[in-house]
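Read the structure below first, then the notes.
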Amino acid sequence: MVYQIKWSRSVGEIIASLLVSCFLLSLVYFYISASLGSLTSHERSAGLNMQTSSILGDGHIISENIGRENINKNSKATPILSRHLTDFRSEVCEIYSNVRVHGSSSSILFTSDKTINLEANKTWKIRPYTRKFDAFVMKKIRAVAIRPLDASTEAPKCSQHHNITAVVFSTSGYLGNFFHDFSDVLIPLFITAGQFEGEVQFVIADMQLWWIEKHRRVLNQLSNYAIIDFNKESKVHCYPHVIVGLYSHDELTIDPSRTPNNYSMADFARLMRKAYSLERDFAVNLAEGSKRKPRLLIIAKNHTRKIINVGEVVEAGEELGFEVVVRESSFHTSVGEFSRMVNSFDVMMGVHGAGLTNEVFLPTNAVLIQIVPFGNLEALSVLDFGKAAANMMLKYLQYSISEEESTLIDIYPRDHAVFRDPLSIHRQGWATMGKIYLRQQSVKLNVTRFKPFLTRALELLT
45 MVYQIKWSRS
55 VGEIIASLLV
65 SCFLLSLVYF
75 YISASLGSLT
85 SHERSAGLNM
95 QTSSILGDGH
105 IISENIGREN
115 INKNSKATPI
125 LSRHLTDFRS
135 EVCEIYSNVR
145 VHGSSSSILF
155 TSDKTINLEA
165 NKTWKIRPYT
175 RKFDAFVMKK
185 IRAVAIRPLD
195 ASTEAPKCSQ
205 HHNITAVVFS
215 TSGYLGNFFH
225 DFSDVLIPLF
235 ITAGQFEGEV
245 QFVIADMQLW
255 WIEKHRRVLN
265 QLSNYAIIDF
275 NKESKVHCYP
285 HVIVGLYSHD
295 ELTIDPSRTP
305 NNYSMADFAR
315 LMRKAYSLER
325 DFAVNLAEGS
335 KRKPRLLIIA
345 KNHTRKIINV
355 GEVVEAGEEL
365 GFEVVVRESS
375 FHTSVGEFSR
385 MVNSFDVMMG
395 VHGAGLTNEV
405 FLPTNAVLIQ
415 IVPFGNLEAL
425 SVLDFGKAAA
435 NMMLKYLQYS
445 ISEEESTLID
455 IYPRDHAVFR
465 DPLSIHRQGW
475 ATMGKIYLRQ
485 QSVKLNVTRF
495 KPFLTRALEL
505 LT
């Protein structure tokens, strides 16, 4: 559920808000159009719909705007290769055949008992990371070559045979940022591999051991097998089914209608509770007369977007009857330790940032309060954390700070475009927008203005 407390506004302000909304929609359309512009004309013809190109066992090639489930159910022949080309976030290739994974050559080779149309004998390259739209980071991702072998080509001998599925993905990119750990890999991995109930092996390109160890408990919940370092593996591993790349739906979000078993973010949250042995499935219900004080966690930041007057916020929470704790989540924080701490709270609040990713550890029906920095960041905030909160059956409140609550008033004159025309700053690109509104800005909350949100959070616990 998503809740937002709204303040009364004049008719003029309402009209201005509508005009801003229309402008934002036009920006979204522009960005999508620009992204599609980077695709080939063949790929653009499918728009943002999933396009699947499949090589069938009888040697025919089909290209239709249908999902892989429909191919498997409706095709008489078993597809050898299914490529999902035009998903906005990732490109995925599924191979159903005698597949050979040769890591040291960055190659996936496959053969078939039936002759494949020679038109299909080409090499595809996929960068198995879920930010396809981000050209900057995708350049850093190691490409995996996928190539069919015809009858005249001798296939490399299998060093080891497996009767399970393999999933190939990268742990490079933006990983190390807690938000991207989940949004770019862990949630897409759950979408892709959860259906196999552990009978799947992970083959990781650009493997970073520190990252594997940090999230080992989650990886162990999804796979019963040892991880293979794709870059260093000299052996040829053979599988009946290989998925190169990860399916991804949106930031920190799962669309159940697009998952094999209708998995949702609520299912992912349950996986987190199982992986880290979290005790609480549900937040406190004050209507049941619980004698325990509701607990409020304030996610602190010591650099950018910090709450300068956090002490005043603590006092306000305690006046309302909360037990209040302030904690910072850093790069070196133990996920297991921090997850258990987060799970013990009923309400979590913080300024927009990676620390709010800890919402995945909150118990069902808990409340998330996201503080949105100044600068027209409301839509981004909902996309990154609000949507996930609702999908995990959390209650969600969003508080947008005013100019007076932003430390930017100490940096820029009040007639600067930073205040008068934030959208003009957005139009200068992510680097400029991020520098000003995300890195230069901290928050000094007007406690009188913010306190009703804490009161509302209490009401949502009943």
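The C-terminal residue of the sequence shown carries number 506 in our numbering, and the numbering is unbroken.
Backbone N, C-alpha and C define an ideal beta-carbon position, used for all residues, glycine too.
Values in this document were obtained by computation on a predicted structure and should not be read as measured data.
Candidates the options: closest to residue i by CA position
{"i": "Ala189", "options": "Glu198, Gly289, Ile231 and Asp273", "result": "Gly289"}
{"i": "Ile343", "options": "Thr167, Val244, Ala179 and Leu412", "result": "Leu412"}
{"i": "Leu341", "options": "Ser373, Ser378, Glu448 and Gly147", "result": "Ser373"}
{"i": "Lys276", "options": "Gln252, Ser292, Arg261 and Lys258", "result": "Gln252"}
{"i": "Asp194", "options": "Asn490, Ile208 and Asn142", "result": "Asn142"}
{"i": "Ser292", "options": "Ile271, Ile235, Tyr283 and Thr348", "result": "Ile235"}
{"i": "Glu447", "options": "Ile208, Val416, Lys184 and Thr348", "result": "Val416"}
{"i": "Glu381", "options": "Val212, Arg261 and Val462", "result": "Arg261"}
{"i": "Ser38", "options": "Phe132, Tyr140 and Phe213", "result": "The question about residue 38 has no answer here: the residues shown for the chain are numbered 45 through 506."}
{"i": "Glu356", "options": "Thr155, Lys495 and Tyr140", "result": "Lys495"}
{"i": "Leu400", "options": "Ala423, Lys345 and His376", "result": "Lys345"}
{"i": "Thr209", "options": "Met309, Tyr283 and Tyr269", "result": "Tyr283"}
{"i": "Gly361", "options": "Thr167, Leu502, Asp131 and Arg133", "result": "Leu502"}
{"i": "Tyr140", "options": "Gly242, Thr155, Gly478 and Lys166", "result": "Thr155"}
{"i": "Ile272", "options": "Asp131, His146, Thr303 and Ser126", "result": "His146"}
{"i": "Tyr269", "options": "Lys258, Gly242 and His259", "result": "Gly242"}
{"i": "Gln265", "options": "Tyr320, Met309 and Leu467", "result": "Tyr320"}
{"i": "Ser383", "options": "Thr303, Arg133, Lys258 and Phe132", "result": "Lys258"}
Integer Cβ distance of residue i from residue j, believed to fall under 8 Å
{"i": "Ser227", "j": "Leu296", "result": "5 Å"}
{"i": "Ala249", "j": "Pro172", "result": "6 Å"}
{"i": "Ser267", "j": "Val244", "result": "5 Å"}
{"i": "Leu505", "j": "Leu330", "result": "5 Å"}
{"i": "Val379", "j": "Val370", "result": "At roughly 19 Å, the Cβ-Cβ gap does not stay under 8 Å, so Val379 and Val370 are not in contact."}
{"i": "Ala410", "j": "Phe389", "result": "7 Å"}
{"i": "Asp225", "j": "Leu219", "result": "6 Å"}
{"i": "Asn387", "j": "Leu322", "result": "4 Å"}
{"i": "Glu367", "j": "Arg339", "result": "5 Å"}
{"i": "Pro200", "j": "Val280", "result": "5 Å"}
{"i": "Ser486", "j": "Thr348", "result": "7 Å"}
{"i": "Ala313", "j": "Val404", "result": "6 Å"}
{"i": "Val211", "j": "Val247", "result": "7 Å"}
{"i": "Leu421", "j": "His396", "result": "6 Å"}
{"i": "Ile231", "j": "Ile185", "result": "Not a contact, Cβ separation roughly 18 Å."}
{"i": "Ala461", "j": "Ile469", "result": "6 Å"}
{"i": "Asn23", "j": "Glu449", "result": "Past the boundaries of the shown model lies residue 23; the chain is included only from 45 to 506, so the question cannot be answered."}
Counted within 10 angstroms of its Cβ, other Cβ atoms place residue i as buried (16 or more) or exposed
{"i": "Gly217", "result": "buried"}
{"i": "Lys176", "result": "buried"}
{"i": "Val472", "result": "Sequence check: residue 472 is Gln here, not Val. Classification of Gln472: exposed, given that the 10 Å Cβ count is below 16."}
{"i": "Pro407", "result": "buried"}
{"i": "Trp254", "result": "exposed"}
{"i": "Thr215", "result": "buried"}
{"i": "Phe274", "result": "buried"}
{"i": "His205", "result": "exposed"}
{"i": "Asn207", "result": "exposed"}
{"i": "Glu332", "result": "exposed"}
{"i": "Ser334", "result": "exposed"}
{"i": "Asp459", "result": "exposed"}
Pairwise C-alpha distance: residue j and residue i
{"i": "Pro457", "j": "Ser425", "result": "26 Å"}
{"i": "Thr499", "j": "Leu364", "result": "7 Å"}
{"i": "Thr144", "j": "Leu153", "result": "It should be noted that the sequence gives Arg, not Thr, for residue 144. Near 5 Å, if we compare the C-alpha coordinates of Leu153 and Arg144."}
{"i": "Thr451", "j": "Glu138", "result": "50 Å"}
{"i": "Ala432", "j": "Thr197", "result": "48 Å"}
{"i": "Arg483", "j": "Met392", "result": "22 Å"}
{"i": "Arg493", "j": "Met385", "result": "28 Å"}
{"i": "Asp454", "j": "Gly419", "result": "15 Å"}
{"i": "Val229", "j": "Thr174", "result": "7 Å"}
{"i": "Asp465", "j": "Lys488", "result": "21 Å"}
{"i": "Phe223", "j": "Ile256", "result": "16 Å"}
{"i": "Asn435", "j": "Asp294", "result": "12 Å"}
{"i": "Ser301", "j": "Ile352", "result": "42 Å"}
{"i": "Lys318", "j": "Asp311", "result": "11 Å"}
{"i": "Glu135", "j": "Ile170", "result": "7 Å"}
{"i": "Tyr481", "j": "Asp178", "result": "21 Å"}
{"i": "Ser148", "j": "Ser278", "result": "5 Å"}
{"i": "Lys350", "j": "Gly394", "result": "9 Å"}
{"i": "Phe463", "j": "Phe240", "result": "51 Å"}
{"i": "Ala398", "j": "Thr167", "result": "38 Å"}
{"i": "Asn305", "j": "Gly478", "result": "38 Å"}
{"i": "Tyr307", "j": "Cys202", "result": "34 Å"}
{"i": "Phe497", "j": "Gln414", "result": "10 Å"}
Runs of beta strand (DSSP E) wholly within the stretch 357-432 (minimum 3 residues, chain order): 367-372, 391-395 and 411-416
Report the start-end ranges of each beta strand (DSSP E) in the stretch 293-361 that is 3 residues or longer and not cut off at the edges. Along the stretch 293-361, the beta strand (DSSP E) occurs as fully enclosed runs of 3 or more residues at 339-344, listed in sequence order.
With a floor of 4 residues, list each alpha helix (DSSP H) that falls wholly inside the stretch 155-219, ordered by position along the chain. 179-182
Can you give, in chain order, each stretch of the beta strand (DSSP E) that sits fully within the stretch 243-289 and has at least 3 residues? Listed in chain order, the complete beta strand (DSSP E) runs (minimum 3 residues) inside the stretch 243-289 are 244-249 and 280-288.
4-residue-minimum alpha helix (DSSP H) runs that sit fully inside the stretch 427-473, ordered along the chain: 431-435, 461-464 and 466-470
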